[in-house]
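Chains as they are written, first to last, in UniProt numbering: chain A, 1 to 439; chain B, 1 to 439.
The structure appears below as structure tokens.
Number of protein chains: 2
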Amino acid sequence: MLEGYRGKAFETLKSLNVDVGDIIEIEKNGIKVEGILMPSYSEDDSIVVVKLDNGYNAGFSLSGAQVRLISKRLRVDQSEYRENREKGEVRIISTGGTIVSRVEYETGAVRPALTTEEILRFAPEIQEIASVSAEILFSILSENMKPEFWIKIAESVKRAFDEGHEGVVVAHGTDTMTYTAAALAFSLIGLPGPVVLVGSQRSSDRPSSDSAINLISSVILAKEAPFGEVVVNMHGESSDTYTVAHRGVKVRKMHTSRRDAFQSINDKPLAKVFPKEKAIKVLRSDFIKRNDTIKASPKFNQNVFLLKFYPGLRPDIVDTLIASGVRGIIIEGTGLGHTSTDFLEVFKKATKEGIFVGMTSQCLFGRVNMNVYQTGRLLQQSGVTPLGDILPEVALVKLMWALGHEDDLDAVRGIMLTNLVGEYNTRHSLDLFPRWDHE
Amino acid sequence: MLEGYRGKAFETLKSLNVDVGDIIEIEKNGIKVEGILMPSYSEDDSIVVVKLDNGYNAGFSLSGAQVRLISKRLRVDQSEYRENREKGEVRIISTGGTIVSRVEYETGAVRPALTTEEILRFAPEIQEIASVSAEILFSILSENMKPEFWIKIAESVKRAFDEGHEGVVVAHGTDTMTYTAAALAFSLIGLPGPVVLVGSQRSSDRPSSDSAINLISSVILAKEAPFGEVVVNMHGESSDTYTVAHRGVKVRKMHTSRRDAFQSINDKPLAKVFPKEKAIKVLRSDFIKRNDTIKASPKFNQNVFLLKFYPGLRPDIVDTLIASGVRGIIIEGTGLGHTSTDFLEVFKKATKEGIFVGMTSQCLFGRVNMNVYQTGRLLQQSGVTPLGDILPEVALVKLMWALGHEDDLDAVRGIMLTNLVGEYNTRHSLDLFPRWDHE
Chain A
1 MLEGYRGKAF ETLKSLNVDV GDIIEIEKNG IKVEGILMPS YSEDDSIVVV
51 KLDNGYNAGF SLSGAQVRLI SKRLRVDQSE YRENREKGEV RIISTGGTIV
101 SRVEYETGAV RPALTTEEIL RFAPEIQEIA SVSAEILFSI LSENMKPEFW
151 IKIAESVKRA FDEGHEGVVV AHGTDTMTYT AAALAFSLIG LPGPVVLVGS
201 QRSSDRPSSD SAINLISSVI LAKEAPFGEV VVNMHGESSD TYTVAHRGVK
251 VRKMHTSRRD AFQSINDKPL AKVFPKEKAI KVLRSDFIKR NDTIKASPKF
301 NQNVFLLKFY PGLRPDIVDT LIASGVRGII IEGTGLGHTS TDFLEVFKKA
351 TKEGIFVGMT SQCLFGRVNM NVYQTGRLLQ QSGVTPLGDI LPEVALVKLM
401 WALGHEDDLD AVRGIMLTNL VGEYNTRHSL DLFPRWDHE
Chain B
1 MLEGYRGKAF ETLKSLNVDV GDIIEIEKNG IKVEGILMPS YSEDDSIVVV
51 KLDNGYNAGF SLSGAQVRLI SKRLRVDQSE YRENREKGEV RIISTGGTIV
101 SRVEYETGAV RPALTTEEIL RFAPEIQEIA SVSAEILFSI LSENMKPEFW
151 IKIAESVKRA FDEGHEGVVV AHGTDTMTYT AAALAFSLIG LPGPVVLVGS
201 QRSSDRPSSD SAINLISSVI LAKEAPFGEV VVNMHGESSD TYTVAHRGVK
251 VRKMHTSRRD AFQSINDKPL AKVFPKEKAI KVLRSDFIKR NDTIKASPKF
301 NQNVFLLKFY PGLRPDIVDT LIASGVRGII IEGTGLGHTS TDFLEVFKKA
351 TKEGIFVGMT SQCLFGRVNM NVYQTGRLLQ QSGVTPLGDI LPEVALVKLM
401 WALGHEDDLD AVRGIMLTNL VGEYNTRHSL DLFPRWDHE
């Protein structure tokens with residue numbers, strides 16, 4: 001593949017049997033430069049784009065230059081890996097995302113392409129921590145993750161524990177990692193060990209990559225942590241000293257690019273992991289312990305909708321949703337859990353038709369309380385169910401799961417109001433709200 | 001009004017000419033209790049509910065009790081106020097919300113009811129800071145705020161400056177205060193002074209109320225601050241030492257109940273205000289200065305939709321929106337600004353029909369960058385416009401405003417991509433991300 005190359009550059013590279021991703025050397029005027037061949041988006045068809053060791057891409061004109069192939073990009077036959085699953089202490093399931101994409105195409109795509117073997121080669125420390133066995137489940141960008149894939153992941157995790165693994169690491173793109181974490185948390189009970197979702201905010205060919213640290217500390221967690229819970233384990237701060245294991249149903253991606261983007265909301269993290277020391281610091285005692293009665297029940301009904309309220313939103317959107325056959329709606333209301341009172345009638349109509357309508361807050365922090373103000377009381381009288389401090393996205397995933405198991409409104413409401421895996425935290429201390437800089 | 005009272009309690013209170021909100025005394029077994037009569041929601045029709053000085057509500061059975069009216073609740077004729085507008089240094093415009101609701105009905109509604117005069121009686125320090133003139137514009141709960149009310153507020157602010165006021169304070173419910181702040185920021189240019197939106201997270205009859213401090217420091221800002229900007233001024237931390245003036249287009253309500261719920265996102269606040277010292281500390285130099293060319297252009301097109309993406313969301317919602325006549329869609333995408341690639345086709349269809357589709361991130365912190373990953377590039381090729389670090393809610397309000405002025409897609413895109421009043425911050429320092437407690 002020589003994506004984007006045309007004319008002279010294409011011919012030269014082709015004649016050298018070079019593909020995008022291979023390491024090449026360019027020599028010109030006595031100066032040699034080595035780097036990974038990147039796709040070209042240059043107008044000039046004599047330019048070759050190379051990713052240098054420092055992470056930057058540079059374009060070189062081939063006029064008067066010598067190109068040499070240093071090494072081919074490693075290509076692993078994925079089918080071989082699928083067959084090669086065997087018991088280890090920790091199973092690493094790859095689903096795709098930046099953490100499994102070694103070569104980043106800054107000029108274009110970052111494509112999830114590499115295999116788990118390459119990750120192990122990339123982070124050899126892992127083999128000092130645990131024997132690992134790898135499964136490439138699929139290789140999709142996490143923005144393309146869907147409930148049907150959650151089912152596959154849950155089944156794969158169950159299989160790994162059934163085979164005797166002590167913990168499971170799920171490599172996942174960061175975009176929708178917390179949705180998958182919530183889906184697994186509701187689908188898997190009686191976990192014999194941790195299910196650690198891990199991703200990377202910077203691909204592993206970058207000097208600032210968090211791939212290795214996140215992966216190493218996830219294997220430590222999977223092998224050593226005392227809990228049988230689904231957690232998200234990602235960088236804790238902007239330096240490299242520790243990662244944080246967040247309860248899978250209380251965590252949110254709070255920054256588009258920072259390595260410490262993932263943070264617990266309305267909850268304390270479960271543990272910190274120090275990858276250099278290979279140590280875990282458990283931060284709380286109320287975790288769900290390792291168990292050995294694992295049951296998987298990954299069923300989801302996608303006929304739900306997450307409706308974020310704002311001034312000017314018209315109630316007829318709810319009529320449209322009802323007409324489309326929706327079975328449940330999660331509102332991201334304002335403040336303590338409100339919408340305009342214009343919505344009272346459509347919510348009454350929806351709940352009369354057996355549609356679950358649940359209220360969360362777009363504030364994210366704190367909890368809804370629909371007894372303080374009149375609007376909250378009226379919304380409850382219209383059938384809207386307050387969902388405490390549960391995050392909007394987690395409420396949505398839980399609703400898909402609840403509707404996958406029950407259709408009767410009262411039964412669904414019962415599930416939604418039950419604290420199944422710590423998705424509700426009833427004790428909020430002041431330090432759960434982060435500190436903001438006002439200087 | 002004797003809301004909720006029936007039978008014996010109703011007859012007794014009625015005979016004494018007592019209404020809800022009046023101060024009464026109940027004497028029973030030699031013990032006297034004084035408090036504000038609250039609405040009754042008791043099943044027992046002999047119970048009278050009274051709010052005590054400590055902020056708690058208590059129910060008293062009238063059997064064997066003596067009730068006495070101590071004082072009637074103050075009632076001010078609002079129409080008198082409407083006529084009584086005259087020049088002062090600072091105009092206080094009341095729109096409703098907790099900050100203007102002195103009596104809280106813990107058993108039921110908190111209703112915005114009181115007048116600006118009562119607020120001044122409640123915070124007499126204000127008169128030492130500036131001469132104020134009050135306008136009760138309306139009295140609505142902020143969850144019922146709508147674009148047509150934004151227009152009224154903008155016109156009222158313009159009028160106040162035209163009359164020669166040095167600054168304007170807008171008392172507003174907290175639920176949708178930031179939406180109104182953004183609407184005013186886009187609608188009013190060349191401001192001669194600050195437009196300070198202020199609310200209260202706890203009503204002023206509570207010991208922990210932030211009403212007085214927020215209001216006093218807002219008047220200080222309106223009179224003294226050097227900027228001609230729309231700001232949100234609310235409690236800065238959990239004690240009472242200062243408030244923070246946030247740029248109206250970079251602030252979000254981040255907690256359902258904390259007094260310091262309002263925080264700047266991707267931006268530094270403009271100033272801190274110390275109400276006891278009556279002092280302002282300006283935190284940055286790049287504010288928009290006081291001007292004297294005020295123009296109001298509050299026009300909004302409500303045919304927009306805020307679509308939060310999640311795994312399992314089906315692209316046909318966009319078809320539905322197109323069919324309903326929507327003129328613009330703001331996506332709250334994942335991570336750097338993504339949706340599933342299933343949406344490429346519908347976004348292409350929408351933009352071909354002249355509908356603006358803009359991308360923001362549900363991470364809230366950081367900025368979208370649709371050049372890093374292939375999905376981002378493909379979304380851009382489908383006509384989706386990346387909106388930098390602008391908050392989803394602010395993007396939505398700006399889009400309503402842009403579509404209120406232009407209909408052509410290129411013109412709307414031009415407005416959306418122009419940094420009008422600081423809604424884009426191109427310089428992100430590390431300390432813009434709050435610090436999270438990991439212990």
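Just so it is clear, CB atoms sit at the ideal spot from N, CA and C, and this is done for glycine as well.
As the structure is a prediction and not an experimental result, all values here were calculated from the model.
Can you check whether the C-beta of I317 of chain B is within less than 9 angstroms of a C-beta belonging to chain A?
If you number the second sequence from 1, residue 317 of chain B lands on position 317. Yes, its Cβ sits closer than 9 angstroms to a Cβ of chain A.
Chain-ordered neighbours of F433 of chain A on chain B, where CB pairs are closer than 7 angstroms
Residue mapping note: residue 433 of chain A aligns to position 433 of the first sequence, counting from 1. Within chain B, the residues near F433 of chain A are H255 and R258.
Would G337 of chain A and T360 of chain A qualify as a contact pair, given that the criterion is a beta-carbon distance under 9 angstroms?
For the purposes of this step, residue 337 of chain A is identified with residue 337 of the first sequence, where counting begins at 1. For the purposes of this step, residue 360 of chain A is identified with residue 360 of the first sequence, where counting begins at 1. Taking a C-beta distance under 9 angstroms as the contact criterion, G337 of chain A and T360 of chain A qualify as a contact pair.
For K223 of chain B, does the three-state DSSP call read helix, strand or coil?
By one-based count along the second sequence, residue 223 of chain B stands at place 223. K223 of chain B: helix per DSSP, three-state reduction.
Evaluate contact between the region 172 to 192 of chain A and the region 390 to 400 of chain A, counting only Cβ atoms and requiring at least three cross-stretch pairs below 8 angstroms.
yes
Distance cutoff 9 angstroms, beta carbons only. Does F309 of chain B sit that close to anything in chain A?
In the second sequence, the residue the question calls residue 309 of chain B occupies position 309. Output row for F309 of chain B: interface = yes.
Quick check on R435 of chain B: buried or exposed, where buried means 16 or more other Cβ atoms within 10 Å of its Cβ?
As a position in the second sequence, residue 435 of chain B is number 435, starting the count at 1. Exposed is the call here.
Less than 9 angstroms between the beta carbons of R247 of chain B and F262 of chain B, yes or no?
Taking the first residue of the second sequence as 1, we reach residue 247 of chain B at position 247. Taking the first residue of the second sequence as 1, we reach residue 262 of chain B at position 262. Going by C-beta atoms, R247 of chain B is not nearer than 9 angstroms to F262 of chain B.
Contact list for Y179 of chain A against chain B, beta-carbon separation under 7 angstroms:
If you number the first sequence from 1, residue 179 of chain A lands on position 179. Those are Y310 and P311, listed as they occur along chain B.
Alpha-carbon to alpha-carbon, K250 of chain B and N144 of chain A
Here residue 144 of chain A refers to the residue found at position 144 when the first sequence is read from its first residue. Here residue 250 of chain B refers to the residue found at position 250 when the second sequence is read from its first residue. Approximately 30 angstroms, taken between the alpha carbons.
With C-beta atoms as the reference, is S133 of chain B less than 9 angstroms away from G97 of chain B?
Taking the second sequence and counting its residues from 1, one reaches residue 133 of chain B at position 133. Taking the second sequence and counting its residues from 1, one reaches residue 97 of chain B at position 97. Pairing S133 of chain B with G97 of chain B gives a Cβ-Cβ distance that is not under 9 angstroms.
Taking the Cβ atom as the reference point for each residue, do F385 of chain B and F365 of chain A lie within a distance shorter than 9 angstroms?
Along the second sequence, read from residue 1 onward, the residue named residue 385 of chain B stands at position 385. Along the first sequence, read from residue 1 onward, the residue named residue 365 of chain A stands at position 365. What sits at residue 385 of chain B in the sequence shown is Thr, not Phe. Remark: C-beta atoms of T385 of chain B and F365 of chain A do not approach each other more closely than 9 angstroms.
Evaluate contact between the region 162 to 173 of chain B and the region 186 to 193 of chain B, counting only Cβ atoms and requiring at least three cross-stretch pairs below 8 angstroms.
yes
Helix, strand or coil, according to DSSP, for V346 of chain B in the structure here?
Taking the second sequence and counting its residues from 1, one reaches residue 346 of chain B at position 346. Reduced to three states, the DSSP call for V346 of chain B is helix.
Measure from the alpha carbon of Q380 of chain A to the alpha carbon of each residue in A:A411, A:T341, A:D389 and A:I415, then state which is nearest.
Translated into positions along the first sequence, residue 380 of chain A becomes position 380. Of the listed residues, the one whose Cα sits closest to Q380 of chain A is A:T341.
Following the continuous alpha helix (DSSP H) through R247 of chain A, name the residue where it begins and the one where it ends.
The residue labelled residue 247 of chain A in the question sits at position 247 within the first sequence. Counting along the chain, R247 of chain A falls outside any alpha helix (DSSP H), though it belongs to the beta strand (DSSP E) covering T243 to R247.
Distance between F433 of chain B and N419 of chain B (C-alpha atoms, nearest Å)
Numbered from 1 along the second sequence, position 419 holds the residue referred to as residue 419 of chain B. Numbered from 1 along the second sequence, position 433 holds the residue referred to as residue 433 of chain B. Cα to Cα, the separation comes out at about 22 angstroms.
Output yes if chain A places a C-beta closer than 9 angstroms to the C-beta of G333 of chain B; else output no.
Here residue 333 of chain B refers to the residue found at position 333 of the second sequence. Yes - at least one Cβ of chain A is within 9 angstroms of the one on G333 of chain B.
C-beta atoms of I47 of chain B and S61 of chain B nearer than 9 angstroms:
Taking the second sequence and counting its residues from 1, the one referred to as residue 47 of chain B is at position 47. Taking the second sequence and counting its residues from 1, the one referred to as residue 61 of chain B is at position 61. Their beta carbons are under 9 angstroms apart, which means I47 of chain B touches S61 of chain B by this criterion.
Between I329 of chain B and L321 of chain B, is the Cβ-Cβ spacing less than 9 angstroms?
Mapped onto the second sequence, residue 329 of chain B falls at position 329. Mapped onto the second sequence, residue 321 of chain B falls at position 321. For I329 of chain B and L321 of chain B, yes; Cβs fall inside 9 angstroms.
Is it buried or exposed, K14 of chain A, if we count other Cβ atoms within 10 angstroms and call 16 or more buried?
Within the first sequence, numbered from 1, the residue matching residue 14 of chain A stands at position 14. Sixteen is the threshold: since fewer than 16 other Cβ atoms of the shown chains lie within 10 Å of the Cβ of K14 of chain A, the residue is exposed.
Distance, Cα to Cα, E353 of chain A vs L313 of chain B?
In the first sequence, the residue the question calls residue 353 of chain A occupies position 353. In the second sequence, the residue the question calls residue 313 of chain B occupies position 313. Cα to Cα, E353 of chain A sits roughly 22 angstroms from L313 of chain B.
CB of T95 of chain B within 9 angstroms of CB of I153 of chain B, strictly:
Stepping through the second sequence from its first residue, residue 95 of chain B is reached at position 95. Stepping through the second sequence from its first residue, residue 153 of chain B is reached at position 153. Taking 9 angstroms as the cut-off, the beta carbon of T95 of chain B is found closer than this to the beta carbon of I153 of chain B.
Mind checking if V368 of chain B is an interface residue toward chain A, Cβ cutoff 9 angstroms exclusive?
As a working mapping, residue 368 of chain B is identified with position 368 in the second sequence. Answer yes: the Cβ-Cβ gap between V368 of chain B and chain A drops below 9 angstroms somewhere.
Let's see if you can read the secondary structure: which residues bound the alpha helix (DSSP H) around S156 of chain B?
Indexing the second sequence from 1 puts residue 156 of chain B at position 156. Unbroken alpha helix (DSSP H) run through S156 of chain B: P147 to D162.
Return the chain-ordered list of same chain residues with a C-beta closer than 6 angstroms to the C-beta of A185 of chain A, the five sequence neighbours on each side being excluded.
If you number the first sequence from 1, residue 185 of chain A lands on position 185. Closer than 6 angstroms at Cβ, skipping near neighbours: V230, G248, V249 and V421.
Return the chain-ordered list of same chain residues with a C-beta closer than 8 angstroms to the C-beta of Q362 of chain B, the five sequence neighbours on each side being excluded.
Looking up residue 362 of chain B in the second sequence gives position 362. So the qualifying residues of the chain are K308, F309, E332, G333, T334 and P392.
Is A123 of chain A a contact residue of the ligand NAP, with contact defined as CB to any heavy atom under 8 angstroms?
Because no ligand of any kind appears in the structure shown, any question about the ligand NAP cannot be addressed here.
Looking at the C-beta of D240 of chain B, does it have a partner C-beta in chain A at a distance below 9 angstroms?
Taking the second sequence and counting its residues from 1, one reaches residue 240 of chain B at position 240. So no, D240 of chain B is outside the interface.
If M416 of chain B sits next to L399 of chain B, beta carbons under 8 angstroms apart, how far is it from one beta carbon to the other, in whole angstroms?
As a working mapping, residue 416 of chain B is identified with position 416 in the second sequence. As a working mapping, residue 399 of chain B is identified with position 399 in the second sequence. Contact flag correct, Cβ pair sits at about 7 angstroms.
On the DSSP bridge assignment, give the partners of V282 of chain B in chain order.
What you label residue 282 of chain B is simply residue 282 of the second sequence in a count that begins at 1. Beta-bridge pairing links V282 of chain B to B:A271.
Identify the continuous alpha helix (DSSP H) that holds M177 of chain A and give its terminal residues.
Here residue 177 of chain A refers to the residue found at position 177 of the first sequence. M177 to S187 is the span of the alpha helix (DSSP H), which, as asked, contains M177 of chain A.
Check distances from the C-beta atoms of the region 336 to 348 of chain A to those of chain B and list, in chain order, the residues that come in under 7 angstroms.
L336, H338, T339, S340 and T341
Would you call V76 of chain B buried or exposed, if buried means 16 or more other Cβ atoms sit within 10 Å of its Cβ?
Working through the second sequence from its first residue, we reach residue 76 of chain B at position 76. Its pLDDT being 40, under 50, V76 of chain B is placed unreliably in this model, and the coordinates cannot settle the point.
According to DSSP, what are the bridge partners of R252 of chain A?
One-based indexing of the first sequence puts residue 252 of chain A at position 252. DSSP output for R252 of chain A lists A:Q263 as bridge partner(s).
Candidates A:K146, A:G228, A:I220 and A:V273: which alpha carbon is nearest T241 of chain A's?
Here residue 241 of chain A is taken as the residue at index 241 of the first sequence, counted from 1. Among A:K146, A:G228, A:I220 and A:V273, the Cα nearest to that of T241 of chain A belongs to A:V273.
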